[in-house]
Amino acid sequence: MPKNSKVVKRDLDDEVIESVKDLLSNEDSSDDAFKKSELMVEDPEEKDVDVEEGSDVEDERPAWNSKLQYILAQVGFSVGLGNVWRFPYLCQKNGGGAYLVPYLILLLIIGIPLFFLELAVGQRIRRGSIGVWNYISPKLGGIGFASCVVCFFVALYYNVIIGWSLFYFSQSFQHPLPWDQCPLVKNASHTFVEPECEKSSATTYYWYREALNISSSLSESGGLNWKMTICLLAAWVMVCLAMIKGIQSSGKIMYFSSLFPYVVLLCFLIRGLLLNGSVDGIRHMFTPKLEIMLEPKVWREAATQVFFALGLGFGGVIAFSSYNKRDNNCHFDAVLVSFINFFTSVLATLVVFAVLGFKANIINEKCVTQNSEKILKLLKMGNLSQDIIPHHINFSSITAEDYNLVYDIIQKVKEEQFDSLGLKSCQIEDELDKAVQGTGLAFIAFTEAMTHFPASPFWSVMFFLMLVNLGLGSMFGTIEGIITPIVDTFKVRKEILTVICCLVAFFIGLIFVQRSGNYFVTMFDDYSATLPLLIVVILENIAVIRIYGIDKFMEDLKDMLGFSPSQYYYYMWKYVSPFVLLCLLVASIVQMGLSPPGYNAWIEDTAMEEFHSYPTWGMIVCISLMVLAILPVPIVFMVRRCNLIDDSSGSLASVSYKRGRIIKEPVNLEGDNTSLIHGKSPSEVPSPNFGKNIYRKQTGSPTLDTAPNGRYGIGYLMADMPDMPESDL
73 MPKNSKVVKR
83 DLDDEVIESV
93 KDLLSNEDSS
103 DDAFKKSELM
113 VEDPEEKDVD
123 VEEGSDVEDE
133 RPAWNSKLQY
143 ILAQVGFSVG
153 LGNVWRFPYL
163 CQKNGGGAYL
173 VPYLILLLII
183 GIPLFFLELA
193 VGQRIRRGSI
203 GVWNYISPKL
213 GGIGFASCVV
223 CFFVALYYNV
233 IIGWSLFYFS
243 QSFQHPLPWD
253 QCPLVKNASH
263 TFVEPECEKS
273 SATTYYWYRE
283 ALNISSSLSE
293 SGGLNWKMTI
303 CLLAAWVMVC
313 LAMIKGIQSS
323 GKIMYFSSLF
333 PYVVLLCFLI
343 RGLLLNGSVD
353 GIRHMFTPKL
363 EIMLEPKVWR
373 EAATQVFFAL
383 GLGFGGVIAF
393 SSYNKRDNNC
403 HFDAVLVSFI
413 NFFTSVLATL
423 VVFAVLGFKA
433 NIINEKCVTQ
443 NSEKILKLLK
453 MGNLSQDIIP
463 HHINFSSITA
473 EDYNLVYDII
483 QKVKEEQFDS
493 LGLKSCQIED
503 ELDKAVQGTG
513 LAFIAFTEAM
523 THFPASPFWS
533 VMFFLMLVNL
543 GLGSMFGTIE
553 GIITPIVDTF
563 KVRKEILTVI
573 CCLVAFFIGL
583 IFVQRSGNYF
593 VTMFDDYSAT
603 LPLLIVVILE
613 NIAVIRIYGI
623 DKFMEDLKDM
633 LGFSPSQYYY
643 YMWKYVSPFV
653 LLCLLVASIV
663 QMGLSPPGYN
673 AWIEDTAMEE
683 FHSYPTWGMI
693 VCISLMVLAI
703 LPVPIVFMVR
713 RCNLIDDSSG
723 SLASVSYKRG
733 RIIKEPVNLE
743 GDNTSLIHGK
753 SPSEVPSPNF
763 GKNIYRKQTG
773 SPTLDTAPNG
783 RYGIGYLMAD
793 MPDMPESDL
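Going letter by letter, the sequence shown gives residues 73 to 801 in my numbering.
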């Protein structure tokens with residue numbers, strides 16, 4: 073033991089006592105609570121506290137329990153309903169397997185780089201979307217508010233889809249399934265099939281009439297659909313309970329909500345591959361049509377799908393990553409989650425087209441049977457000669473190949489009279505070419521296919537439970553994109569804010585559970601997110617690369633990751649991604665201008681969909697959705713530009729600390745101001761509650777100001793003090 077150790081210990085104790093006396097002398101003498109507070113010194117080895125620079129001491133920011141929980145949260149947010157009912161449709165529509173080429177290219181050009189960018193800024197600054205962009209440039213603080221508005225708009229109608237899935241889930245516990253057969257109508261004299269169902273199909277009728285009880289136009293409200301109102305309430309209660317404690321509650325649910333869909337998809341794939349016609353569906357799906365791949369529309373739709381599949385611009389990605397430790401490898405996370413998302417889309421596509429191939433095979437068999445009966449009648453009536461029919465053909469058990477052979481022979485022999493015979497070409501490809509997406513795929517086509525499964529109620533329960541979980545995973549990220557920025561900025565209680573947000577959203581969401589609610593879902597889906605999110609992500613790119621500085625950002629990444637990221641990202645962020653995003657924005661505006669604004673209304677008399685243009689008030693709503701979503705950007709810019717808000721208030725600042733020093737980081741200054749010291753006079757400082765750390769004053773150090781450390785205590789601002797080893801604290 074060194075001979076002077078006791079002297080050093082005595083000096084250290086004297087310094088601690090002296091610093092405490094100085095601290096007490098700076099406080100208001102009337103502050104009894106402060107004087108009675110107990111000073112505690114804690115061994116830093118007793119508690120593992122994340123004290124990296126940029127951590128948010130002000131509100132003791134929560135953290136993920138494990139890396140797996142965080143990855144599952146990001147996967148749950150990015151993998152949503154669009155992977156199941158949008159990607160397969162785009163793949164089938166835009167060249168089959170050839171569509172994967174532009175999708176992968178755009179995933180590498182804009183998907184992974186922009187996803188990596190959002191993960192990095194969230195992890196570096198450790199705030200929600202409002203705090204992140206306010207930190208980089210207060211004039212661009214409106215980007216975060218715009219993200220919150222878009223998240224709110226999307227949450228309003230996205231939870232309605234979860235409500236629809238809950239309704240079908242609740243109706244699946246019966247055999248036969250209620251959408252298996254058309255209902256019968258009885259009157260005084262006889263019983264007959266419901267005309268609307270007979271003109272369409274059992275699953276189509278059940279969707280439009282039994283589930284939605286849909287009206288014939290947007291203007292015809294028809295009142296609330298009480299069944300869907302209850303399901304919507306249940307959906308919001310589930311979201312509220314899961315989110316009320318933030319990631320501490322939703323993170324645990326992610327283990328089930330993120331993994332269960334993969335279990336169901338794998339089960340459906342195995343079951344689907346054992347069904348007749350499934351291979352035909354998969355072969356049709358992945359047969360490349362290379363000529364279609366060269367069309368600009370294919371690249372525009374691929375870019376849009378990449379953009380929305382990863383949840384860029386919503387703020388959920390930033391919110392989730394803000395709960396990470398500062399040295400987390402967010403580059404690995406970006407690549408991993410992006411490719412999990414891609415392979416999930418491919419898996420879902422395999423499942424969808426295996427099942428649709430089975431459905432097409434059943435429909436094709438019915439077509440062959442019905443048209444074979446027509447040929448037999450024509451033979452009996454003498455309209456066709458028996459001599460033209462090959463001898464090996466047996467109409468009682470005819471195959472699709474034999475029918476097509478007979479069909480081709482009759483078409484050649486009766487070339488002029490063929491149309492009058494009323495025969496149809498029963499090709500399985502024709503049925504598979506009928507592109508279906510969205511609710512039409514999930515609640516009509518897929519539902520109809522499952523009615524032919526053995527043990528169909530079991531598969532129906534699994535399918536709709538999967539949709540509920542996919543929707544909830546995305547909803548957690550969407551709500552987190554609203555809650556986290558507001559809590560970080562305005563310091564409100566997360567529990568109260570979550571409950572208020574869910575209640576307000578439920579009551580506004582009642583417009584979606586009217587009889588005309590499905591048309592409002594279409595309106596919000598088309599106009600509330602696409603253009604605003606593109607603008608938001610373009611501004612995010614500009615904010616980081618031009619205003620914050622790409623070189624400084626690359627240095628931050630090197631500091632966080634422990635290695636320099638590839639120069640590939642440098643050029644993508646600086647040149648390629650902004651150019652591609654601008655092209656996508658222009659293409660989306662042109663597409664929106666060329667497409668007549670309207671919706672497909674269900675007409676009860678004809679049992680068919682009919683395109684209707686939006687009424688004048690509907691167009692005003694569409695335009696208002698886009699304007700309201702992007703309006704925070706210019707408003708905040710003008711407010712900051714004209715100095716209408718006092719930036720010196722420090723209300724948006726946070727306190728960072730690294731081992732022996734505390735540094736207050738104001739977010740209202742341009743550039744990198746983390747080294748500047750901004751404190752308040754002692755009279756402005758609220759009475760603290762001591763934490764369990766103590767900061768020493770060095771002999772000969774400059775005069776130090778006290779600064780508020782939120783509601784958890786106060787600390788010295790030690791600007792010139794070098795990092796002390798943990799053993800000295």
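Built from N, CA and C at the ideal position, the CB exists for glycine as well.
On a predicted model such as this, the values are computed, not experimentally measured, just so you know.
Point to revise | Of the listed residues Gln164, Ala145, Gln489, nearest to Leu506 (C-alpha basis) | key: Translated into positions along the sequence shown, residue 506 becomes position 434. With the sequence shown as reference, residue 506 is identified as Lys, and Leu is not the correct amino acid for it. Closest option to Lys506, Cα to Cα, is Gln164.
Check your understanding: Using the rule of at least 16 other Cβ atoms within 10 Å of the residue's Cβ for burial, across every protein chain shown, is Gly154 buried or exposed?
Key -> Position 82 of the sequence shown, counting from 1, holds the residue named residue 154. Gly154 should be labelled buried.
Practice item. Could you name the residues of the same chain whose beta carbon sits closer than 7 angstroms to that of Ala406, not counting the 5 residues immediately before and after it, in chain order? Key: On the sequence shown, position 334 is the one that residue 406 refers to. Excluding sequence neighbours, Ala406 sits near Ile184, Phe187, Phe188, Leu191.
Practice item. Use the C-beta contact count for Asp628: other C-beta atoms within 10 angstroms, 16 or more gives buried, fewer gives exposed. Key: As a position in the sequence shown, residue 628 is number 556, starting the count at 1. Result: buried.
Review point. Should Arg713 be labelled buried (16 or more other beta-carbon atoms within 10 Å of its own) or exposed?
Key: As a first step, residue 713 is located in the sequence shown; it is residue number 641 there, counting from the start. The residue is exposed, with fewer than 16 neighbouring Cβ atoms inside 10 Å.
Check your understanding: Less than 9 angstroms separating the beta-carbons of Leu304 and Asn231?
Key -> Within the sequence shown, residue 304 is the residue found at index 232, counting from 1. Within the sequence shown, residue 231 is the residue found at index 159, counting from 1. Yes, Cβ-Cβ distance for Leu304 and Asn231 is below 9 angstroms.
Check your understanding: Pro368 and Gly168 look like a contact to me (Cβ under 8 angstroms); what is the Cβ gap, rounded to whole Å?
Key -> Walking along the sequence shown from the start, residue 368 turns up at place 296. Walking along the sequence shown from the start, residue 168 turns up at place 96. That pair is no contact at about 18 angstroms.
Check your understanding: Is the beta carbon of Leu178 sitting closer than 9 angstroms to the one on Val378?
Key -> By 1-based counting over the sequence shown, the position of residue 178 is 106. By 1-based counting over the sequence shown, the position of residue 378 is 306. In this structure, Val378 lies closer than 9 angstroms to Leu178 by Cβ.
Practice item. State the beta-bridge partners of Gly670 as determined by DSSP. Key: Counting from one through the sequence shown, the residue named residue 670 turns up at place 598. In the DSSP output, where bridge partners are listed per residue, Gly670 has Ser685.
Review point. Comparing alpha-carbon positions, which option in Tyr395, Gln489, Gly387 lies nearest Ala218?
Key: The residue given as residue 218 occupies position 146 in the sequence shown. It is Gly387 whose Cα lies nearest to the Cα of Ala218.
Check your understanding: Is the CB-CB distance between Met310 and Leu569 below 9 angstroms?
Key -> Indexing the sequence shown from 1 puts residue 310 at position 238. Indexing the sequence shown from 1 puts residue 569 at position 497. Cβ distance not < 9 angstroms, so Met310 and Leu569 don't count as in contact.
Exercise for review: Report yes if the C-beta distance between Gly216 and Pro604 is below 9 angstroms; otherwise report no.
Suggested key: Translated into positions along the sequence shown, residue 216 becomes position 144. Translated into positions along the sequence shown, residue 604 becomes position 532. No; because the gap between Cβ atoms is not below 9 angstroms, this pair is not in contact.
Check your understanding: Using a Cβ-Cβ distance under 9 angstroms, would Val711 count as near chain B?
Key -> No chain B is part of this structure, which consists of one protein chain only.
Point to revise | Buried versus exposed call for Glu647 [16 or more other C-beta atoms within 10 Å across all chains shown] | key: Taking the first residue of the sequence shown as 1, we reach residue 647 at position 575. Going by the sequence as given, residue 647 is Tyr instead of Glu. Answer is exposed; the Cβ neighbour count stays below 16.
Check your understanding: Would Thr602 be called buried (16 or more neighbouring beta carbons within 10 Å of its own) or exposed?
Key -> Here residue 602 corresponds to residue number 530 of the sequence shown, with the count starting at 1. By the 10 Å Cβ count, Thr602 comes out buried.
Check your understanding: Who are Ile675's beta bridge partners in DSSP?
Key -> The residue you call residue 675 lines up with position 603 of the sequence shown. Bridge partners of Ile675: Met680.
**Study point:** Closer than 8 angstroms: Val222 CB and nearest the ligand GDP heavy atom
**Key:** Ligands are entirely absent from the displayed structure, and the ligand GDP is therefore not among its contents.
Practice item. Buried or exposed for Lys452, please, with buried defined as at least 16 other CB atoms from any protein chain shown within 10 angstroms of its CB. Key: One-based indexing of the sequence shown puts residue 452 at position 380. Looking at its Cβ environment, which holds fewer than 16 other Cβ atoms inside 10 Å, Lys452 is exposed.
Practice item. Flag this pair as yes or no: are the beta carbons of Phe332 and Met595 separated by less than 9 angstroms? Key: In the sequence shown, residue 332 corresponds to position 260, counting from 1. In the sequence shown, residue 595 corresponds to position 523, counting from 1. Going by C-beta atoms, Phe332 is not nearer than 9 angstroms to Met595.
Review point. Along the chain, which unbroken stretches of the alpha helix (DSSP H) at least 4 residues long are found entirely within the stretch 192-264?
Key: 201-208, 214-242
Exercise for review: Starting from the C-beta of Cys574, find all residues in its chain whose C-beta is less than 7 angstroms away, skip the five residues before and the five after it, and write them out in chain order.
Suggested key: Translated into positions along the sequence shown, residue 574 becomes position 502. Result list for Cys574: Trp308, Val311, Cys312, in chain order.
Check your understanding: Apart from the five residues just before and just after Ala391, which ones in its own chain have a Cβ nearer than 6 angstroms to its Cβ?
Key -> What you label residue 391 is simply residue 319 of the sequence shown in a count that begins at 1. So the list reads Gly200, Glu552, Gly553, Thr556, once near-sequence residues are dropped.
Exercise for review: Identify whether Gln164 lies in helix, strand or coil by the three-state DSSP scheme.
Suggested key: On the sequence shown, residue 164 is found 92 positions in, with the first residue counted as 1. Of the three classes helix, strand and coil, the one that applies to Gln164 here is helix, per DSSP.
Practice item. Between the Cα of Ser272 and those of Asn137, Glu520, Gly690, Asp623, spot the shortest distance and give me the residue it belongs to. Key: By one-based count along the sequence shown, residue 272 stands at place 200. Of Asn137, Glu520, Gly690, Asp623, the residue nearest in Cα terms is Glu520.
Practice item. Could you tell me how far apart the beta carbons of Leu611 and Thr376 are, in whole angstroms, since I believe they sit closer than 8 angstroms? Key: As a working mapping, residue 611 is identified with position 539 in the sequence shown. As a working mapping, residue 376 is identified with position 304 in the sequence shown. So it is not a contact: roughly 18 angstroms between Cβ atoms.
Review point. Based on the DSSP output, what are the partners of Gln586 in its beta bridges?
Key: Reading the sequence shown from its first residue, position 514 is the one you call residue 586. The partner list for Gln586 (beta bridge, DSSP) reads Leu296.
Practice item. Assign Phe515 to one of two classes, buried (16 or more other C-beta atoms within 10 Å of its C-beta) or exposed (fewer than that). Key: Against the sequence shown, residue 515 aligns to sequence position 443. Buried, since its Cβ has 16 or more Cβ neighbours within 10 Å.
Check your understanding: Counting pairs of Cβ atoms below 8 angstroms between the stretch 659-679 and the stretch 560-569, do you hit three or more?
Key -> no
Practice item. Return the first residue and the last residue of the alpha helix (DSSP H) that His835 is part of. Key: Residue coverage of the chain in this structure runs from 73 to 801, which leaves residue 835 outside it and unanswerable.
Point to revise | Proximity of Thr511 and Trp236 at Cβ, strictly below 9 angstroms | key: Here residue 511 corresponds to residue number 439 of the sequence shown, with the count starting at 1. Here residue 236 corresponds to residue number 164 of the sequence shown, with the count starting at 1. Taking 9 angstroms as the Cβ cut-off, Thr511 and Trp236 qualify as a contacting pair.
Check your understanding: Does DSSP classify Gln377 as helix, strand or coil?
Key -> Here residue 377 is taken as the residue at index 305 of the sequence shown, counted from 1. Note: Gln377 maps to helix in three-state DSSP.
Practice item. Mind checking which residues open and close the alpha helix (DSSP H) that includes Glu266? Key: Working through the sequence shown from its first residue, we reach residue 266 at position 194. No alpha helix (DSSP H) holds Glu266; DSSP gives it neither H nor E.
Exercise for review: With DSSP collapsed to three states, give me the class of Ser329.
Suggested key: Here residue 329 is taken as the residue at index 257 of the sequence shown, counted from 1. DSSP places Ser329 in helix when its eight states are reduced to three.
Review point. In whole angstroms, what is the alpha-carbon distance linking Val739 and Leu504?
Key: Here residue 739 corresponds to residue number 667 of the sequence shown, with the count starting at 1. Here residue 504 corresponds to residue number 432 of the sequence shown, with the count starting at 1. With a pLDDT of 42 at Val739, under the threshold of 50, the modelled position of this residue cannot be trusted; read the value that follows with caution. Each residue's alpha carbon lies about 55 angstroms from the other.
Review point. What span of residues does the alpha helix (DSSP H) with Met644 cover, start to end?
Key: On the sequence shown, residue 644 is found 572 positions in, with the first residue counted as 1. First-last for Met644: undefined, no H or E at that position.
Practice item. Look at Tyr395 and Trp136 and say whether their C-beta atoms are less than 9 angstroms apart. Key: The sequence position of residue 395 within the sequence shown is 323, counting from 1. The sequence position of residue 136 within the sequence shown is 64, counting from 1. In contact: Tyr395 and Trp136 (Cβ atoms closer than 9 angstroms).
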